[in-house]
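In the numbering used here, the protein residues as written are 17 to 363.
Structure representation (structure tokens):
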């Protein structure tokens, strides 16, 4: 039996290009090669699609993050599929490990739908909605979930709602990995924080900071079932004000712990809320749902990541591993789920 050809697509035009490369490296090194033949496609920062050697290594070296090289064998997206060097790459399933805009936001999902290639993860609409926090939050609220108070602005000229008090978080509506995010403790810092966030997006969210714990929960669809993981808590070094890009990726200052001191019933409520959010947004395949468990005992949803960080040590695979599913098995499950799903524009 011939192996299924899996296009691992990474890089991209977003500010999370490098993290996407690191995630792809994890999949490339662990995919079950007895079942699948990986084809590595890198999207450069300028937007070129390139066929990369299968032995490409994307690792963080001496604090330097990997990137897709700007030159190589180009890949064309055609009605016949993906073509490179005059040959059809004959892709069976795409695994778009792209984080942030131009990848996790429904854009590549739309391209793949148009050329009829099945793919891992959520469809066009769910991807777009979850990427834009200003759209996702009202959907979560309408499903009965608690969200932090906030407002959306598009310039540095705005009126602050009277219900917001410092400290606040200022963040781009459609960016990930905490890129462009600032914790603001007083009014004098607000304008520059909004200006900074506007460098990443045309739309910015100003949101009430929640005092409490950061709790994350993984959802996986496999074998026709939806699995929800145990909850994990993000613990960061004291030197960080919040879980920012540096703390996430560059200096190992984040720990994922499985808390055993949550009040009775809270973990179950968070898991139920994760499934509610997953369903309300119309997600498929996988998602990491991020919450705050406030010091007042409230469960507040922060966001859904439809293509979360995917290295073997990333939070999502670690949460799933706790459910007894290895990293390699997780990759296999996601590809099998994608294969068994019908391709249709209603997704």
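Virtual Cβ for every residue (Gly too), placed ideally from N, Cα, C.
With a cutoff of 8 Å on beta-carbon distance, residue 187 and residue 172 are scored as not near each other.
Between the alpha carbons of residue 75 and residue 111 lies a distance of about 19 Å.
Between the beta-carbon of residue 113 and that of residue 55 there is about 13 Å, and that puts the pair past the 8 Å contact cut. Taking a 10 Å sphere around the C-beta of residue 176, we find fewer than 16 other C-beta atoms and assign the residue as exposed. Here DSSP, grouped into helix, strand and coil, assigns residue 54 to strand. Along the length of the stretch 271-328, whole beta strand (DSSP E) runs at least 3 residues long occupy 302-310 and 315-321, reported in chain order. With a threshold of 16 other beta carbon atoms within 10 Å, residue 353 meets it and is buried.
Looking at the DSSP output, residue 220 shares a beta bridge with 169 and 188. With a threshold of 16 other beta carbon atoms within 10 Å, residue 148 meets it and is buried. Annotation: the continuous alpha helix (DSSP H) that includes residue 214 extends over 206-214. Assigned with DSSP and collapsed to three states, residue 61 falls in coil, not helix or strand.
A straight line joining the alpha-carbon of residue 224 with that of residue 291 spans about 24 Å. According to the DSSP assignment, residue 100 belongs to the beta strand (DSSP E) that extends over 97-100. For residue 106, no alpha helix (DSSP H) encloses it, and the DSSP letter there is neither H nor E.
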